[in-house]
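Trainee:
Number of protein chains: 2
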Amino acid sequence: MHVLKDLIQLDRKADAPVYLQITNAIIHHIRRGTLRRGLKLPGSREMAEHLGIHRKTMLAAYDELMAQGWIEMIPRKGTFVVRDLPDIKPKKIKPGEEIGQYPGKTFFHIDEKKVIPFPVGQFRDPNLLAINDGFPDTRLAPTELFLREFRTVARSRGFKKYYQYGTPKGPEYLRETLAPFLSDTRGLPITASNVMITKGAQMGIYLTTQLLIKPGDAVIVGEPSYFAATLTFRQAGATILRVPVDDQGIDVDAIETLCKKKKVKLIYVIPHHHHPTTVTLTPERRIRLLDLAARYRFAIIEDDYDYDFHYASNPILPMASLDQHGNVIYIGTLSKTLAPSVRVGFIIAPENFIDAVAHLRRSMDWQGDSMMEAAIAALYHNGVMGRHIKKVVKLYHERRDHFAALLKDQLHDRITFKVPDGGMSIWGTFHDVDLKKMSAHAAKKGLLIGDGSLYNTHTKNYNALRLGFASLQLKEQDRAVEILRESM
Amino acid sequence: MHVLKDLIQLDRKADAPVYLQITNAIIHHIRRGTLRRGLKLPGSREMAEHLGIHRKTMLAAYDELMAQGWIEMIPRKGTFVVRDLPDIKPKKIKPGEEIGQYPGKTFFHIDEKKVIPFPVGQFRDPNLLAINDGFPDTRLAPTELFLREFRTVARSRGFKKYYQYGTPKGPEYLRETLAPFLSDTRGLPITASNVMITKGAQMGIYLTTQLLIKPGDAVIVGEPSYFAATLTFRQAGATILRVPVDDQGIDVDAIETLCKKKKVKLIYVIPHHHHPTTVTLTPERRIRLLDLAARYRFAIIEDDYDYDFHYASNPILPMASLDQHGNVIYIGTLSKTLAPSVRVGFIIAPENFIDAVAHLRRSMDWQGDSMMEAAIAALYHNGVMGRHIKKVVKLYHERRDHFAALLKDQLHDRITFKVPDGGMSIWGTFHDVDLKKMSAHAAKKGLLIGDGSLYNTHTKNYNALRLGFASLQLKEQDRAVEILRESM
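Listed below in C-alpha cells is the structure:
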C-alpha cells in the first residue's frame, strides 16, 4: 500500500471541504519530508476508493496541488511530488507530539534593551468598584448621539470618501472643526494647517519624541512626572533630567540652571494639572519658561490631557497660546472627554512641525480611522461635545467636593492632599500606610486600587496615589472610601 | 484715562461671555507687556461704566483673573497686576499686524534626516473614476452589518468594558476570534497568545522594524518591493540590500549569497502576491527561504496584505504555517477586506515576540480603538466576514478577467502583463508610453491614475503601473481603459 494512504485522515464534520483537507494533508507531508521529492503518487481512482470518496473530489485535490506547484503530472508516467523542491530531512514525529505546533519562541535575536516594559494596565472590570488613576465616567459618554453621527457618516454619500485611504494628518473635516473650537476655548490662534489628528495623546508624545530626540539628547521632566512620557523618552535613548515640582508647578529656576550647564533638547510639562500631583503651573512660571525656551532654543511638549475639566475658575489658557516664537508642541486628547477607548487626540504646532510629523506617522500606522474621526468631528460641529463637557464638568465638580470631604472625614491624618483645581483625581500622600498591603486588602473586599508604585521614580518613593473621583457616583465614593478605611 | 480702557474691545456677537472676553484681553496684554507688572488697575465700577456693562460682569472678570493668578487685590490699596511676573519687554505691535498670530515655524532644530518624505497619497475623490494601486471596492463593504454590530457593542452592558483602557495587544474577544479563523483559513496552528491586533499592516511592519533593527543592520527586500516597507526600514537606519524578483518570486539564491557575505537581520517578503509585481513565491523557494532563515538566524517579515483574494486556486498557505523554528513574523490586515479606512490588522508571531512588541506599541499609541475592534470581531464571529469575502472574491475574479481582456484588446502592444493569480491589481509594463504625460492627460479626461514613480527604485525605472481592477465595475473599467488609450 502506498505511504500516502496512511497519511490522510479525513474529518467529515470539519468545516473545510474534503478535497481541501486532502490538499493540506499532502502539503503538510511534503514539507515535513514524509513524502519525498519525486515520489510517484497513486492514481486518483485508487486514492478515491481507498478514502471512500468520489473520484472528482480526489481530482480536485490533485488539481489544487498542481495549481499551487507542489505536484506535477508527467504525461503517460503519472503524478509526482515536484522534483525541484530542496532536500528536506524528515523530522521524526514523537508519539503524542502535536503536528504543526507553532514555535514558542523566536529563533532570531531580540535586543532586550529596546523593550522597556510599560506597565500594561490590568483589565478593569467595569462591574467592580475601582478608584482609578483619574479616568472619566464612561457611563456618561453620549453614546447614542455618537452612534447617530457614526451611522450618518457611514451611510452618507458625501462621507464615502472616508472609506478610502486618507492623509496621516487626519480628515480635513475634523481638523477644520477642531481649529476654531480650540481657538475659541483655549485662545490658540491656529488654522487647520497647525492641527494633526493622532490616536490619543500618547501618539503625540511618541511622534514628537521620535522626531526630535537622538540617543543621548537631554530631556527635562518633573520629579515626579507622567510615567508613560518618561518611558517614551527613555525608549528613544534620551538622558532624563529631573527637576522638582512644588505647589506652583515645575521649578523653572532649576530648569534655567540646567540649561546653563548643558544643551537641553526638550522639556516635558503638564501645566494645567500636573501628572501625578495635579498642581497648576503659575502664570509667572509659564512666561519665564517660554522665555527660557526662546533663549536656549529647546522644544516644550505641553501635555494638556484634561484641559476641559477645571472647576476653580475657567481653565487657564495653555502656554501654546502665549508662544510667540514656535517652541511649544501642544498635545491634547479627546479620550478623556468621550471614552478612553476612543483613540482621538491632536498635536498643535507650527506648520513645518506638523508636516514633518505627518511623514513619520505615515510609516507608523499610515492614518487614523477616518470614519470614527469624521463622526467625532460631527459631534463637535453640532455642539454635542460642548454641551457634554458642560454637563460632566458640573458633575465632576460635585464629585470632587464630595470625595475630598469623604477623604478628610474618613481617613483623617492617614492622608494629606490639596483639593485640585481641576482634573479627575486627588493626589493623596499616605502616612503610616503600606500601600501594597492596602491595595491587596481592598481587592479582597471588592475595590480595585493601585499600590502607588506607578508614581515612584528611581530616587523617590512618594507613598502616594492619584485617587480618581470622576468615575464614581457619590454613593460609590462612600462605599469605596469605606473599604479603603477598612483596608489600612 | 487708564491704558486698560483702550485695550479692551468687546464683541457682543461672540460666543464667549463678556466677562471672559475681558479676562482674555487683560491676560493678553499682561503677557505682551502692554500692562506692566505692579500696574494698578481701575476699579470695577469705573471699568464697567466705561465699557457699558454691568458691574457684576466686571467683577467676574477680575475674580477670574485673580483665580488664575494674574492680578492681586491689596486691601485698601486696590487691584494690581501681580508683581512677581518676570520682566517682559513690550513688543511693539505694528499697524495692521494681527495680534496673537501663531508662529509659522518652529524655533528649535528639527533633524531633517529623520524626516523621510512618504508619498502622502493625494485625496481620492470617490466620485471620480480612478485606477488605483489595488484597493477594494468600498461600495461593497458590509456597512449596514458593521453598523449593526458597532451599535450592539456600544450599547451592550457586557461590552462596556471596551469603553475603558484596554491592552496594547487588542481586545481578548478579537484575538480569540481571529486565532481560530486564521488557523482554519491559513493553516496557522496558533492561539490568541500569538496574536497582536494592530492599526493595519503598516503598524505591524513599523513595530517589527523598531523592535529588530538598529542603525546599520542589513535588511533584504526585493527589486522591486513595497515602497512603504522600504521607507520604514530606511527610517530605522537599516542598510537596504536588494535582490531580484522574477516570475517565481524573490530570488532565494541571491539571498543565500548575501547571507554568506554578511550578517542579515531581516528579510521582507510578500510571498502571496508580491508588491508591486503580483507574482506568487513558489513552494520550493518558500521552503528554501525558511531553511536559510533557520541556518542564518534572520527574521522574515511575511507581509500577507491580501491573502483572501486569490482566484487561481485556493490561497496558498502562508510561510508562517510552515515555520518550525520561529523565524517568521506574519503580518496581515483587514483593511483590504472591509475598507482601507478601517485600521485593523494583526501580527502573528511566537509569544515572546508578541509580548515585546506590545510594550513598544504601548508607547506609540497605547492601544487600539477597542469598540471598533470589538465590532469587527463580531463580524468574524457571526460569519459575516466569511460570507463577505466569498462574495467579493467571486466579483473581483470576474473583474480581473474582464480587465485583463480589456487591456489586451484596447492597449495591444503598448502594455505587457501577466494575469495575476490573485490580488486587486495587474502589474503592467508600458512600452513607448510616457507615464507622467499619460497620467496628466488622463486626469484632464476625468481618470485618476498614477505615473508609476512610486514603484521605481534608486537604480531602476520600471515604466510600469499597478492597475487596480477591484474597485471598478465592468462598465467603469470599459470607460477607464478607453480614457487610458486616448491618453497615451
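Chains E and G, in that order, give the protein sequences. Position 350, counted from 1, in the first sequence is what the numbering used here calls 577; the numbers after and before it change by one each time, with no gaps. Position 481, counted from 1, in the second sequence is what the numbering used here calls 708; the numbers after and before it change by one each time, with no gaps. The beta carbon of each residue, even a glycine, is placed where N, CA and C say it ideally should be.
1. Return the chain-ordered ranges of every alpha helix (DSSP H) run that is complete within the stretch 508–532 of chain G and spans a minimum of 4 residues.
2. Using a Cβ-Cβ cut-off of less than 8 Å, give me the residues of the stretch 557–570 of chain G that come near chain E, in sequence order.
3. Tell me where the alpha helix (DSSP H) around residue 457 of chain G begins and ends.
4. Rounded to the nearest angstrom, what separates residue 642 of chain G and residue 632 of chain G at their Cα positions?
5. Mind checking who residue 466 of chain E pairs with in its DSSP beta bridge?
6. Quick one: is residue 609 of chain G near chain E, going by C-beta distance under 7 Å?
7. Hey, would you say residue 369 of chain E sits closer than 7 Å to residue 571 of chain E, going by beta carbons?
8. When you compare only the Cα positions, how much space is there between residue 669 of chain G and residue 706 of chain G?
9. Please return the same chain residues whose Cβ sits closer than 8 Å to the Cβ of residue 480 of chain E, not counting the five positions on each side in sequence.
10. Go ahead and label residue 300 of chain G buried or exposed: buried means 16 or more other beta carbons lie within 10 angstroms of its beta carbon, across all protein chains shown.
11. Using beta-carbon positions only, say whether residue 476 of chain G and residue 446 of chain G come within less than 7 Å of one another.
12. Can you give me the C-alpha to C-alpha distance between residue 692 of chain G and residue 343 of chain G, rounded to a whole angstrom?
13. For residue 648 of chain E, count neighbouring Cβ atoms within 10 angstroms of its own Cβ and tell me buried if that reaches 16, exposed if not.
14. Looking at the structure shown, is residue 481 of chain G part of a helix, part of a strand, or coil, going by DSSP?
15. Measure how close the beta-carbons of residue 576 of chain G and residue 398 of chain G come, nearest whole angstrom, since I'm counting them as under 8 Å.
16. Quick one: which chain G residues come within Cβ less than 7 Å of residue 239 of chain E?
17. Compare the C-beta of residue 311 of chain E against all C-beta atoms of chain G and say whether one is closer than 7 Å.
18. Does the beta carbon of residue 417 of chain G sit closer than 7 Å to a beta carbon anywhere in chain C?
19. So residue 712 of chain G is in the alpha helix (DSSP H); what residue range does that whole segment cover?
20. Can you pull the chain G residues whose beta carbon is under 9 Å from the beta carbon of residue 370 of chain E, in chain order?
21. Just by C-beta distance, which residues in the stretch 283–311 of chain G are closer than 8 Å to chain E?
22. What residues of chain G sit near residue 521 of chain E, judged by a beta carbon separation below 8 Å?
23. Can you look up residue 243 of chain G in the DSSP assignment and give me helix, strand or coil?
24. Residue 271 of chain E and residue 259 of chain E - do their beta-carbons sit closer together than 7 Å?
25. Are residue 360 of chain E and residue 695 of chain E closer than 7 Å when you measure CB to CB?
26. Step through the CB atoms of chain G and report whether any lies within less than 7 Å of the CB of residue 502 of chain E.
27. So which residues on chain G does residue 633 of chain E lean against when the C-beta distance must stay under 9 Å?
28. Between residue 713 of chain E and the rest of its own chain, which residues show a CB-CB distance below 7 Å, the 5 nearest in sequence each way excluded?
29. Any beta-carbon of chain E closer than 7 Å to the one on residue 712 of chain G?
30. Once you ignore the five residues that flank residue 491 of chain E on each side, which residues in its own chain have a CB closer than 7 Å to its CB?
31. For residue 318 of chain G and residue 261 of chain G, I'd like the C-alpha separation in whole angstroms.
32. With DSSP collapsed to three states, give me the class of residue 567 of chain E.
33. Indicate the three-state DSSP secondary structure (helix, strand or coil) for residue 329 of chain G in the structure shown.
34. Please determine if the stretch 464–471 of chain E and the stretch 617–627 of chain E are in contact, where contact requires at least 3 C-beta pairs separated by less than 8 Å.
35. Provide the residue(s) that pair with residue 267 of chain G in DSSP beta bridges, ordered along the chain.
36. So for residue 681 of chain E, helix, strand or coil by DSSP?
Mentor: In short, the structure shows the following:
1. 510–523
2. 566, 567, 568, 569, 570
3. From DSSP, the alpha helix (DSSP H) with residue 457 of chain G extends over 454–462.
4. 12 Å
5. For residue 466 of chain E, which the question treats as bridged, DSSP gives the partners E:445.
6. no
7. no
8. 11 Å
9. none
10. exposed
11. no
12. 23 Å
13. buried
14. helix
15. The pair is not a contact, with the Cβ atoms about 18 Å apart (cut-off 8 Å).
16. For residue 239 of chain E, there are no C-beta contacts with chain G under 7 Å, since the nearest C-beta of that chain is about 16 Å from it.
17. yes
18. No chain C is part of this structure, whose protein chains are labelled E and G.
19. 701–713
20. Near residue 370 of chain E (Cβ distances below 9 Å), the residues of chain G are 381, 382, 390.
21. 290, 291, 294, 295, 296, 297, 309, 311
22. 334
23. coil
24. no
25. yes
26. Judged by the 7 Å Cβ criterion, residue 502 of chain E is not in contact with chain G.
27. Against chain G, a Cβ distance below 9 Å from residue 633 of chain E picks out nothing, because the smallest value is about 23 Å.
28. Spatial neighbours of residue 713 of chain E in its own chain (CB-CB distance under 7 Å, excluding positions within 5 residues in sequence) are listed in chain order as 672.
29. Chain E, which has no Cβ nearer than 7 Å to the Cβ of residue 712 of chain G, makes this no.
30. 445, 447, 485, 523, 525
31. Caution is warranted here: a pLDDT of 44 is assigned to residue 318 of chain G, below 50, making its placement in the model unreliable, and the coordinate value is therefore given only provisionally. Going from the Cα of residue 318 of chain G to the Cα of residue 261 of chain G covers about 8 Å.
32. Residue 567 of chain E falls in the coil class under three-state DSSP.
33. Correct three-state label for residue 329 of chain G: coil.
34. no
35. G:307
36. helix
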